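*Asks:* Supplied in structure tokens, the structure appears directly below.
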């Protein structure tokens, strides 16, 4: 998958997440301590940010092999990650850790 394709795939989700707003009365009914609307908005913005980052390739550029052979060192994941989230703001915490 190219960077542009991945970015376009990720850009589909923020409007879906933001579209699932709950009204203030409903949010107060379900929780007294978690500002649900703020969490949903922040999560949608974080997904949009991740979609923007997907357009760019990050790494360390070097020319150790000579001027004619530019090199790019990329960092890639090496295994499975376990995420422990608190009971409050679970959607936002998971989105931050998965970017």
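Residue numbers (the working numbering): 285 to 383.
C-beta atoms are modelled at their ideal positions from N, C-alpha and C, and glycine is treated no differently.
These numbers come from a predicted model, not from an experiment.
(1) Taking the beta carbon of residue 367 as the centre, do at least 16 other beta carbons fall within 10 Å, making it buried, or is it exposed?
(2) With three or more C-beta pairs closer than 8 Å as the rule, is the region 344 to 359 touching the region 328 to 335?
(3) What do you reckon, are the CB atoms on residue 326 and residue 291 nearer than 7 Å?
(4) Please classify residue 379 as buried or exposed, where buried requires at least 16 neighbouring CB atoms within 10 angstroms.
(5) Suppose contacts are defined by Cβ-Cβ distances below 7 Å. Is residue 358 in contact with residue 323 by that definition?
*Replies:* In terms of the structure at hand:
(1) As a first step, residue 367 is located in the chain shown; it is residue number 83 there, counting from the start. By the 10 Å Cβ count, residue 367 comes out exposed.
(2) no
(3) Taking the first residue of the chain shown as position 1, residue 326 is located at position 42. Taking the first residue of the chain shown as position 1, residue 291 is located at position 7. No.
(4) For this step, residue 379 is matched to residue 95 along the chain shown. It counts as buried.
(5) For this step, residue 358 is matched to residue 74 along the chain shown. For this step, residue 323 is matched to residue 39 along the chain shown. It is not a contact, given that the beta carbons lie outside the stated cut-off.
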